[in-house]
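Undergrad: Quick note, the sequences are listed as chains A and B, same order.
One rule links them: number in the numbering used here = place in the first sequence (from 1) + 1.
One rule links them: number in the numbering used here = place in the second sequence (from 1) + 1.
A single structure is presented below for examination.
There are 2 protein chains.
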Amino acid sequence: MNQDFLYNIFTDKKFSKEEQAQIIPKFKRIEFSKNEFLLEEGKIANRYFFIESGFVRSYATDLEGNDISTNFYSFGDIVIDWPSFFLRTPTKENIQALTDCVCWQLDFETFQQLFHSIEAFRENGRTTLVGSYFELKRHSISMITDHAKDRYKRLMREKPLIVQHISLKQIATYLGVTDTSLSRIRKEIASE
Amino acid sequence: MNQDFLYNIFTDKKFSKEEQAQIIPKFKRIEFSKNEFLLEEGKIANRYFFIESGFVRSYATDLEGNDISTNFYSFGDIVIDWPSFFLRTPTKENIQALTDCVCWQLDFETFQQLFHSIEAFRENGRTTLVGSYFELKRHSISMITDHAKDRYKRLMREKPLIVQHISLKQIATYLGVTDTSLSRIRKEIASE
DNA sequence: AATACTTCTTGTCATATGGCAAGAAAAGAA
DNA sequence: TTCTTTTCTTGCCATATGACAAGAAGTATT
């Protein structure tokens with residue numbers, strides 16, 4: 002039950018000792034086995050997580066039943082379905098452990114209590130959400146302006162751990178290409 | 002200086018009379034002429050707006066200097082660069098009036114004061130931000146799963162005003178196609 | 001080690017969309 | 001109105017990427 006991990010999320014720089022003492026003990030350690038779901042499509046996200054170890058993927062399912070990776074998560078990342086968590090609506094995504102994981106979770110009700118009572122906590126939460134928004138927009142613009150190869154190169158540069166640990170097919174849907182194409186792209190890059 | 006418009010944004014359902022009285026007078030009416038910028042790349046967004054009338058577009062500029070529409074705004078919409086406004090960083094987008102506009106603006110400092118003092122205001126703000134996130138994700142997934150023609154049809158269905166008032170070129174970059182392609186798509190749809 | 005299963009690679013061919021350029025149409029300026 | 005500029009359409013050809021299928025490589029299971 003070592004909470005050191007959480008002290009690196011809610012750091013001294015942003016939170017007073019008292020605030021840390023109010024926030025950190027509210028998180029509950031939870032383990033997921035490989036392939037287990039952190040959240041399933043259709044359910045309301047009643048909690049969110051920080052990942053201490055392991056890899057996680059979120060994905061949406063299109064009309065033909067193909068899944069599209071929407072994000073990958075690893076050490077230190079927050080895993081949350083923002084719309085479902087805050088709008089209290091059924092999620093459209095699945096979030097699944099790709100490996101065994103250790104996470105720290107907080108439920109919605111506790112979140113609300115902290116959010117409305119601790120200014121630093123809500124500033125921090127807002128910053129995190131806006132950070133996710135920013136990343137999503139970058140990805141979205143990249144889908145328009147960049148070719149598949151450049152998108153893959155950027156992913157390699159910015160999230161090398163993902164590229165190393167996640168299967169080609171799952172990365173391909175994240176980049177908006179087929180696994181066939183991504184395999185060819187990898188080949189080209191290897192011979193550059 | 003008729004504030005009826007703002008009472009439809011901060012409705013009775015979500016805000017008490019007292020809260021409305023604290024919030025609404027803080028907004029300042031402002032007009033923009035066609036082509037005027039509400040925000041320019043490189044600057045920090047120190048305010049945001051609600052549009053009472055007119056059309057607005059936000060766009061990013063890629064490496065070759067082409068602009069990519071990231072969003073369109075009309076009556077009742079909030080116009081804000083979330084990352085720049087909240088992270089206090091220079092924006093990467095331009096936001097420009099496509100027609101003469103009437104807006105209501107709130108500056109960051111005033112926003113902060115309201116955000117931290119009125120619970121309903123911050124719940125509302127959070128909801129709005131998450132709504133934007135959700136829309137962005139839908140658009141992003143649509144870029145991967147749908148063909149250009151379907152993306153255009155959806156835009157026609159969901160934002161008919163945009164399709165009617167915004168130029169083909171600007172819609173094209175939003176949909177991630179060339180103006181040439183969009184012109185052909187329109188032709189096909191017309192003959193269906 | 002042998003079997004089954006999933007993931008990755010590679011070939012062939014198809015197709016959605018891009019690039020470029022020339023007009024046509026529409027909008028704005030004089 | 002006339003002139004100018006911008007926006008939109010259309011033709012021709014190029015190309016990035018998809019679809020499908022077969023095999024290879026890797027991983028898991030017994």
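Every residue, glycine too, gets a C-beta built ideally from N, C-alpha and C.
Take the Cβ of Lys138 of chain A as the centre, count every other Cβ of all protein chains shown within 10 Å, and call the residue buried at 16 or more, exposed below.
TA: Here residue 138 of chain A is taken as the residue at index 137 of the first sequence, counted from 1. Counting Cβ neighbours within 10 Å, Lys138 of chain A comes out buried, since at least 16 surround it.
Undergrad: Is it true that the stretch 52-69 of chain A meets the stretch 165-183 of chain A, where meeting means three or more beta-carbon pairs spaced less than 8 Å apart?
TA: Cβ pair count under 8 Å is three or more, so yes.
Undergrad: Please list the partners that Thr146 of chain B has in chain A, where partner means a Cβ-to-Cβ separation under 7 Å.
TA: Taking the first residue of the second sequence as position 1, residue 146 of chain B is located at position 145. Within 7 Å Cβ-Cβ: Asp63 and Ile69.
Undergrad: So, using beta-carbon positions, are Val103 of chain B and Glu37 of chain B closer together than 8 Å?
TA: Here the question's residue 103 of chain B lines up with position 102 in the second sequence. Here the question's residue 37 of chain B lines up with position 36 in the second sequence. No; because the gap between Cβ atoms is not below 8 Å, this pair is not in contact.
Undergrad: Are the C-beta atoms of Pro91 of chain A and some chain B residue less than 8 Å apart?
TA: Here residue 91 of chain A refers to the residue found at position 90 when the first sequence is read from its first residue. No, its Cβ sits nowhere closer than 8 Å to a Cβ of chain B.
Undergrad: Using a Cβ-Cβ cut-off of 8 Å (strictly less than) and excluding sequence neighbours within five positions of Ile119 of chain A, which residues of its own chain qualify?
TA: Reading the first sequence from its first residue, position 118 is the one you call residue 119 of chain A. Around Ile119 of chain A: Glu20, Gln23 and Ile24.
Undergrad: With DSSP run on the structure shown, which of helix, strand or coil describes Leu107 of chain A?
TA: Locating residue 107 of chain A in the first sequence gives position 106, where the first residue counts as 1. Here Leu107 of chain A sits in strand by DSSP.
Undergrad: Reducing DSSP to helix, strand and coil, say where Ile163 of chain A ends up.
TA: On the first sequence, residue 163 of chain A is found 162 positions in, with the first residue counted as 1. Note: Ile163 of chain A maps to helix in three-state DSSP.
Undergrad: Three-state secondary structure (DSSP) at Ala98 of chain B?
TA: The count along the second sequence starts at 1 and reaches residue 98 of chain B at position 97. Three-state result, Ala98 of chain B: strand.
Undergrad: Cα separation between Gly230 of chain A and Phe51 of chain A?
TA: Here chain A covers residues 2 to 193 and nothing more, so residue 230 of chain A does not appear.
Undergrad: Does any residue of chain B bring its CB to less than 8 Å from the CB of Tyr49 of chain A?
TA: Taking the first sequence and counting its residues from 1, the one referred to as residue 49 of chain A is at position 48. With 8 Å as the cut-off, Tyr49 of chain A does not count as an interface residue toward chain B.
Undergrad: If I'm right that Gly132 of chain A touches Pro91 of chain A with Cβ under 8 Å, what's the distance once you round it to whole angstroms?
TA: The count along the first sequence starts at 1 and reaches residue 132 of chain A at position 131. The count along the first sequence starts at 1 and reaches residue 91 of chain A at position 90. Contact flag wrong, Cβ pair sits at about 25 Å.
Undergrad: Can you check whether the C-beta of His117 of chain B is within less than 8 Å of a C-beta belonging to chain A?
TA: The residue labelled residue 117 of chain B in the question sits at position 116 within the second sequence. Yes, because at least one Cβ of chain A sits closer than 8 Å to the Cβ of His117 of chain B.
Undergrad: Would you mind working out which of B:Phe28, B:Lys18, B:Arg155 and B:Thr12 sits nearest Asn3 of chain B, comparing C-alpha positions?
TA: Stepping through the second sequence from its first residue, residue 3 of chain B is reached at position 2. For Asn3 of chain B, the nearest C-alpha among the options comes from B:Phe28.
Undergrad: Counting only runs of 3+ residues fully inside the stretch 25-77 of chain A, write out the beta strand (DSSP E) ranges in chain order.
TA: Those beta strand (DSSP E) runs which fall completely within the stretch 25-77 of chain A and span 3+ residues are 29-33, 38-40, 48-54, 57-62 and 68-74.
Undergrad: Taking Cβ to Cβ, would you say Asp101 of chain B is nearer than 8 Å to Ser59 of chain B?
TA: Here residue 101 of chain B corresponds to residue number 100 of the second sequence, with the count starting at 1. Here residue 59 of chain B corresponds to residue number 58 of the second sequence, with the count starting at 1. Taking 8 Å as the Cβ cut-off, Asp101 of chain B and Ser59 of chain B do not qualify as a contacting pair.
Undergrad: Taking only beta-carbon atoms, is Ile142 of chain A less than 8 Å away from chain B?
TA: Residue 142 of chain A sits at position 141 when you count from the first residue of the first sequence. So, interface residue.
Undergrad: Taking Arg123 of chain A as the query, report the chain B residues whose CB atoms sit under 9 Å from its CB, ordered along the chain.
TA: Taking the first residue of the first sequence as 1, we reach residue 123 of chain A at position 122. Under the 9 Å cutoff, chain B gives Phe116, His117, Arg123 and Arg127.
Undergrad: So which residues on chain A does Leu183 of chain B lean against when the C-beta distance must stay under 7 Å?
TA: Taking the first residue of the second sequence as 1, we reach residue 183 of chain B at position 182. The premise fails here: Leu183 of chain B is roughly 13 Å from chain A at the closest Cβ pair, so nothing lies under 7 Å.
Undergrad: So if DSSP puts Ile79 of chain A in a beta bridge, which residue, or which two residues, is it bridged to?
TA: Within the first sequence, residue 79 of chain A is the residue found at index 78, counting from 1. Beta-bridge pairing links Ile79 of chain A to A:Phe51.
Undergrad: Spell out whether any CB of chain B is found under 8 Å from the CB atom of Tyr153 of chain A.
TA: To locate residue 153 of chain A, count along the first sequence from 1; it is residue 152. Output row for Tyr153 of chain A: interface = no.
Undergrad: Any idea which residues DSSP pairs Pro84 of chain B with across the strands?
TA: In the second sequence, residue 84 of chain B corresponds to position 83, counting from 1. Note: Pro84 of chain B sits in no beta bridge, so no partner.
Undergrad: Between which two residues does the alpha helix (DSSP H) harbouring Gln171 of chain B extend?
TA: Indexing the second sequence from 1 puts residue 171 of chain B at position 170. First-last of the alpha helix (DSSP H) with Gln171 of chain B: Leu169 to Leu176.
Undergrad: Using a Cβ cut-off of 8 Å, pull out every chain A residue sitting near Gly177 of chain B, in sequence order please.
TA: Here residue 177 of chain B is taken as the residue at index 176 of the second sequence, counted from 1. The contacting residues are Met144 and Ile145.
Undergrad: Pull up the CB-CB distance for Ala121 of chain A and Phe16 of chain A, whole angstroms please, since I reckon it's below 8 Å.
TA: Stepping through the first sequence from its first residue, residue 121 of chain A is reached at position 120. Stepping through the first sequence from its first residue, residue 16 of chain A is reached at position 15. Confirmed, about 5 Å.
Undergrad: Compute the Euclidean distance between the alpha carbons of Glu193 of chain B and Ser184 of chain B, then round it to the nearest angstrom.
TA: Along the second sequence, read from residue 1 onward, the residue named residue 193 of chain B stands at position 192. Along the second sequence, read from residue 1 onward, the residue named residue 184 of chain B stands at position 183. Straight-line Cα distance between these residues: approximately 15 Å.
Undergrad: Would you tell me roughly how many angstroms separate the C-alpha atoms of Leu40 of chain A and Gln97 of chain A, rounded to the nearest one?
TA: Residue 40 of chain A sits at position 39 when you count from the first residue of the first sequence. Residue 97 of chain A sits at position 96 when you count from the first residue of the first sequence. Going from the Cα of Leu40 of chain A to the Cα of Gln97 of chain A covers about 7 Å.
Undergrad: Apart from the five residues on each side of it in sequence, which residues of its chain come closer than 7 Å, Cβ to Cβ, to Val164 of chain B?
TA: Sequence index remark: in the second sequence, residue 164 of chain B carries index 163 (1-based). Once the five neighbours on either side are set aside, the close Cβ partners of Val164 of chain B are Leu156, Met157 and Ile172.
Undergrad: Just to confirm my understanding: we take Pro84 of chain B, look at its own chain, exclude 5 residues before and 5 after, and list those with CB closer than 7 Å. What are they?
TA: If you number the second sequence from 1, residue 84 of chain B lands on position 83. Closer than 7 Å at the Cβ level, and outside the excluded window around Pro84 of chain B, lie Thr90.
Undergrad: The alpha helix (DSSP H) spanning Asp210 of chain B covers which residue range?
TA: Summary: the structure shown does not reach residue 210 of chain B, with chain B confined to residues 2 through 193, and so no result is reported for it.
Undergrad: Exposed or buried, what is Asn9 of chain B when buried is set at 16 or more other beta-carbons lying within 10 Å of its beta-carbon?
TA: Within the second sequence, the letter at position 8 stands for residue 9 of chain B. Burial call: exposed.
Undergrad: Quick one: residues in its chain with C-beta nearer than 7 Å to the C-beta of Thr129 of chain B, no 5 flanking neighbours on either side, listed in chain order?
TA: What you label residue 129 of chain B is simply residue 128 of the second sequence in a count that begins at 1. Ile79.
Undergrad: Would Lys138 of chain A pass as an interface residue toward chain B - the criterion being a Cβ-Cβ separation below 8 Å?
TA: Your numbering for residue 138 of chain A matches position 137 in the first sequence. Yes, because at least one Cβ of chain B sits closer than 8 Å to the Cβ of Lys138 of chain A.
Undergrad: Taking 7 Å as the limit between beta carbons, can you name the residues of its chain near Phe11 of chain B, skipping five residues before and five after?
TA: Counting from one through the second sequence, the residue named residue 11 of chain B turns up at place 10. Once the five neighbours on either side are set aside, the close Cβ partners of Phe11 of chain B are Gln21, Ile24 and Ile25.
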